[in-house]
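A.B. asks: Residue numbers (the UniProt record's numbering), protein chains in the order written: chain A, 1 to 90; chain B, 1 to 90; chain C, 1 to 90; chain D, 1 to 90.
4 protein chains.
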Amino acid sequence: MSHTTHQKKKLIARVSRLKGQLEAVERALEIERPCGEILQLLASIRGALNGLTGEVLDDHLHEHVLHAADEKARAEAVEEISEVLRTYIR
Amino acid sequence: MSHTTHQKKKLIARVSRLKGQLEAVERALEIERPCGEILQLLASIRGALNGLTGEVLDDHLHEHVLHAADEKARAEAVEEISEVLRTYIR
Amino acid sequence: MSHTTHQKKKLIARVSRLKGQLEAVERALEIERPCGEILQLLASIRGALNGLTGEVLDDHLHEHVLHAADEKARAEAVEEISEVLRTYIR
Amino acid sequence: MSHTTHQKKKLIARVSRLKGQLEAVERALEIERPCGEILQLLASIRGALNGLTGEVLDDHLHEHVLHAADEKARAEAVEEISEVLRTYIR
Chain A
1 MSHTTHQKKK LIARVSRLKG QLEAVERALE IERPCGEILQ LLASIRGALN GLTGEVLDDH
61 LHEHVLHAAD EKARAEAVEE ISEVLRTYIR
Chain B
1 MSHTTHQKKK LIARVSRLKG QLEAVERALE IERPCGEILQ LLASIRGALN GLTGEVLDDH
61 LHEHVLHAAD EKARAEAVEE ISEVLRTYIR
Chain C
1 MSHTTHQKKK LIARVSRLKG QLEAVERALE IERPCGEILQ LLASIRGALN GLTGEVLDDH
61 LHEHVLHAAD EKARAEAVEE ISEVLRTYIR
Chain D
1 MSHTTHQKKK LIARVSRLKG QLEAVERALE IERPCGEILQ LLASIRGALN GLTGEVLDDH
61 LHEHVLHAAD EKARAEAVEE ISEVLRTYIR
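#1: Asp58(A) lies in the alpha helix (DSSP H); which residues open and close that run?
#2: Quick check on the DSSP output: the alpha helix (DSSP H) that includes Ile89(C) runs from which residue to which?
#3: Counting only Cβ pairs nearer than 8 angstroms, list the residues of chain D close to His64(A).
#4: Assign Ile31(B) to one of two classes, buried (16 or more other C-beta atoms within 10 Å of its C-beta) or exposed (fewer than that).
#5: Under 7 angstroms Cβ-Cβ, which residues of chain C neighbour Leu61(D)?
#6: Which chain C residues sit within Cβ distance under 7 angstroms of Glu55(B)?
#7: Is it true that the CB of Ile45(A) sits closer than 8 angstroms to the CB of Leu22(A)?
#8: Going by CA-CA distance only, name the one from Ala24(A), Thr5(A), Ile81(A) and Thr4(A) that's closest to Thr53(A).
#9: Three-state secondary structure (DSSP) at Ala77(A)?
#10: Using beta carbons (cut-off 8 angstroms, strictly below), is Arg74(A) in contact with chain D?
#11: Would you grab the beta carbon distance between Ala48(C) and Leu11(C) for me? Rounded to a whole angstrom, and I think it's under 8 angstroms.
#12: List, in order along the chain, the chain D residues whose C-beta lies closer than 8 angstroms to that of Ile89(C)?
#13: Taking the alpha-carbon positions, what's the Glu37(B) to Val15(C) distance?
#14: Sort Asn50(D), Glu55(D), Leu39(D) and Glu83(D) by Cα distance to His60(A) and report the nearest one.
#15: Alpha carbons only, please: which of Ala68(D), Thr4(D) and Lys9(D) is nearest the one belonging to Arg27(A)?
#16: Along chain A, which residues have their Cβ under 8 angstroms away from the Cβ of Leu18(B)?
#17: In this structure, does DSSP put Ile12(C) in helix, strand or coil?
#18: With 8 angstroms as the threshold, decide whether the Cβ of Leu41(D) is near any Cβ in chain C.
#19: Using three-state DSSP, classify His67(C) as helix, strand or coil.
#20: Is the CB of Lys10(C) under 8 angstroms away from at least one CB in chain B?
#21: Please report the distance separating the alpha-carbon of residue 172(B) from that of Thr5(B).
#22: For Glu26(B), go through chain C and note every residue whose CB falls closer than 7 angstroms to its CB, in chain order.
#23: Less than 6 angstroms between C-beta atoms, sequence neighbours within five positions excluded: which residues of the same chain meet that for Val56(C)?
#24: If you measure from the beta carbon of Glu30(C) to each beta carbon in chain E, is any gap under 8 angstroms?
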C-alpha cells in the first residue's frame, strides 16, 4: 500500500478504534451483560469493519487501478479486487 | 453494457433461472409449505443473485475499467464500482 | 407456513414485485443498458429480497418460536432459524 | 448473558483472537504491505467476527428463547433477535 502518510494515519486510527470496540465486547462478556447488548456491540463493530474495508477498497481502486503504473499492474490490481469481492458478494 | 453476445445470453439465462426460483417461492407460499423450506429457497435465491452480481461486476471491471476507451471513461467506471460496493459492504 | 391469509397475500405480492424487478434486469441486459445501471437494479433487488427474507424470519420467530404448539416444535423452529442464519452471517 | 463459565471463556478467547488479527492489520498498514494483502486480512477478520456473532446468536436462541424463564422473557428475547437480524439482512 503506497498511501500518503495522511491516509495511512487515518486507516491506522480506524483500526485502533476497532480494537477499542472489541475491548468493550470483552468487558461486556466478562461482566455478563445481556446478550442483546453484546449483539448490538458486534453489529456496530461489523459496521465499522465494513467502513474500513470500503475505505481500503476505494484507495485500492483509485491508486492501483485508476492510477496504475502500467497495464500489467492495473490488470493485477483488478484481479485482486475481483477476488476480494467474491468473498463479500456470495 | 457492451458485452459479447455470448456473455449477454449467459447473463440473461441466469436472470431467467432466478425468476424460476422466485416462482418456486410463490408456489411454496401458496400451498403453505413450512417456513424453514421457504427460508432455504430464499437463501438459495440470494446466493444465485450474488453470483449474478459478481459476474456483472467482473465484466464491468474487465471491460470498462481494465479495457476502458480512455482515462475519463475509466475514472467513471471506477466511480460506479465504488458506489455499488458501498451498498454491499456497509 | 401457517400464516394468516392476509400475511400470505402480502408475502406473495412481494415475490411478484421481485419478479417484476428481475424482468427489468432482463430488459436492461437485452437492450444493453450501462453496467452501472444494471448493478443498481441488482442492488435494489437484493434489498427487496432481504426485506422479504426479514419478513419471513420475523413471521417464523413469532408464529413458530414464540407461539409454538409445544416445546418440541419450538426446539425445531429454533434449529431452523439457527441454520438459516449461518448462511447469512458467515 | 448468563452463559456457563466454559462458554464465556470460549467467547472471550475468540474476541482476543480478533484483536490479534486487527493488530496484524495495523502492522501491515505501518510497513505498507500491498493493498491486496490488507484486504485479505480484513476479509478474514470479517469471517471471524461473523463466526463469533453466529455463536452469540445461537447461545441467545438456546438460552433466552428456547429456555426462557417465562413467556414475557421469551417475547423480549425474540424481539432482540428480530432487531439484530434486521441489521444483518437488509
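Note that CB positions come from ideal geometry on N, CA and C, so glycine has one too. No experiment lies behind these values; they were computed from the predicted model shown.
C.D. replies: A quick look at the data gives this:
#1: Within the first sequence, residue 58(A) is the residue found at index 58, counting from 1. In the DSSP annotation of this structure, the continuous segment of the alpha helix (DSSP H) that includes Asp58(A) starts and ends at Cys35 to His60.
#2: Mapped onto the third sequence, residue 89(C) falls at position 89. Premise fails: Ile89(C) is in no alpha helix (DSSP H) and is neither H nor E.
#3: Counting from 1 along the first sequence, the entry for residue 64(A) is found at position 64. Contact of His64(A) with chain D by beta-carbon distance below 8 angstroms involves Cys35.
#4: Here residue 31(B) corresponds to residue number 31 of the second sequence, with the count starting at 1. It is exposed - the Cβ of Ile31(B) has fewer than 16 other Cβ atoms within 10 Å.
#5: Residue mapping note: residue 61(D) aligns to position 61 of the fourth sequence, counting from 1. Chain C residues near Leu61(D): Val78, Ile81 and Ser82.
#6: Taking the first residue of the second sequence as position 1, residue 55(B) is located at position 55. By Cβ distance, chain C contributes nothing, its closest Cβ being about 10 angstroms from Glu55(B), past 7 angstroms.
#7: Translated into positions along the first sequence, residue 22(A) becomes position 22. Translated into positions along the first sequence, residue 45(A) becomes position 45. Yes, the Cβ-Cβ distance between Leu22(A) and Ile45(A) is below 8 angstroms.
#8: Locating residue 53(A) in the first sequence gives position 53, where the first residue counts as 1. Among Ala24(A), Thr5(A), Ile81(A) and Thr4(A), the Cα nearest to that of Thr53(A) is on Ile81(A).
#9: What you label residue 77(A) is simply residue 77 of the first sequence in a count that begins at 1. DSSP, read as helix, strand or coil, puts Ala77(A) in helix.
#10: Taking the first sequence and counting its residues from 1, one reaches residue 74(A) at position 74. Any Cβ of chain D closer than 8 angstroms to the Cβ of Arg74(A) would place that residue at the interface, and such an atom is absent.
#11: Here residue 48(C) corresponds to residue number 48 of the third sequence, with the count starting at 1. Here residue 11(C) corresponds to residue number 11 of the third sequence, with the count starting at 1. Incorrect: roughly 12 angstroms between the Cβ atoms, too far for contact.
#12: Translated into positions along the third sequence, residue 89(C) becomes position 89. Neighbours of Ile89(C) on chain D, chain order: Asn50, Thr53, Gly54, Leu57 and Tyr88.
#13: Residue mapping note: residue 37(B) aligns to position 37 of the second sequence, counting from 1. Residue mapping note: residue 15(C) aligns to position 15 of the third sequence, counting from 1. If you take the alpha carbons of Glu37(B) and Val15(C), they lie about 15 angstroms apart.
#14: For the purposes of this step, residue 60(A) is identified with residue 60 of the first sequence, where counting begins at 1. For the residues Asn50(D), Glu55(D), Leu39(D) and Glu83(D), the minimum Cα distance to His60(A) belongs to Leu39(D).
#15: Counting from one through the first sequence, the residue named residue 27(A) turns up at place 27. Measuring from the Cα of Arg27(A), the nearest candidate turns out to be Lys9(D).
#16: Position 18 of the second sequence holds residue 18(B). Under the 8 angstroms cutoff, chain A gives no residues; its nearest Cβ is about 15 angstroms from Leu18(B).
#17: Numbered from 1 along the third sequence, position 12 holds the residue referred to as residue 12(C). Under the three-state reduction of DSSP, Ile12(C) is assigned to helix.
#18: What you label residue 41(D) is simply residue 41 of the fourth sequence in a count that begins at 1. False, the Cβ-Cβ gap to chain C never drops below 8 angstroms.
#19: Counted from its first residue, the third sequence places residue 67(C) at position 67. Coil.
#20: Stepping through the third sequence from its first residue, residue 10(C) is reached at position 10. Not one beta carbon of chain B lies nearer than 8 angstroms to the beta carbon of Lys10(C).
#21: Lying outside 1 to 90, the shown extent of chain B, residue 172(B) is not represented and no answer is given.
#22: Locating residue 26(B) in the second sequence gives position 26, counting from the first residue. Close partners of Glu26(B) in chain C (Cβ separation under 7 angstroms): Ile12 and Val15.
#23: Working through the third sequence from its first residue, we reach residue 56(C) at position 56. Closer than 6 angstroms at Cβ, skipping near neighbours: no residue.
#24: In summary, chain E is missing from the structure at hand, where the protein chains are A, B, C and D.
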